[in-house]
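Here the structure is laid out as structure tokens; the discussion comes afterwards.
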Amino acid sequence: LHKTLLTQSTATYDTLTNMLYSHPAFNSSQFTDNFYLIMTLQGLILVSLIQALQSEKTASMRNMEALCCQASLIEKTAQST
Numbered sequence: 068l069h070k071t072l073l074t075q076s077t078a079t080y081d082t083l084t085n086m087l088y089s090h091p092a093f094n095s096s097q098f099t100d101n102f103y104l105i106m107t108l109q110g111l112i113l114v115s116l117i118q119a120l121q122s123e124k125t126a127s128m129r130n131m132e133a134l135c136c137q138a139s140l141i142e143k144t145a146q147s148t
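Here's what the structure looks like:
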């Protein structure tokens, strides 16, 4: 189970990280602000993934769902700036 979760988590982390780096906001004039925002989000992603691995599968799935919601919220925020 942990191996499967780790594989899925790593894939999710990579996907979200790629999403962040390819986001137009990342290359905008407000780069510095967005850079810190992105670093913070990456940190949150990492912490959530570690928590997901330590908890049971159902709880980790909830963490992933919450994380995806967070990511899309931050993406919307970045788009509006």
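Residue numbers for the sequence shown follow the numbering used here, so the first one is 68 and each next one is one higher. Don't be surprised by glycine CBs; every beta carbon is placed ideally from N, CA and C.
Just how far apart, CA to CA, sit Y103 and S89? The residue given as residue 103 occupies position 36 in the sequence shown. The residue given as residue 89 occupies position 22 in the sequence shown. So the two alpha carbons sit approximately 15 Å from each other.
Beta-carbon spacing of I141, L108 below 8 Å: Counted from its first residue, the sequence shown places residue 141 at position 74. Counted from its first residue, the sequence shown places residue 108 at position 41. Their beta carbons are under 8 Å apart, which means I141 touches L108 by this criterion.
Assign L113 to one of two classes, buried (16 or more other C-beta atoms within 10 Å of its C-beta) or exposed (fewer than that). In the sequence shown, the residue the question calls residue 113 occupies position 46. Flag for L113 reads exposed.
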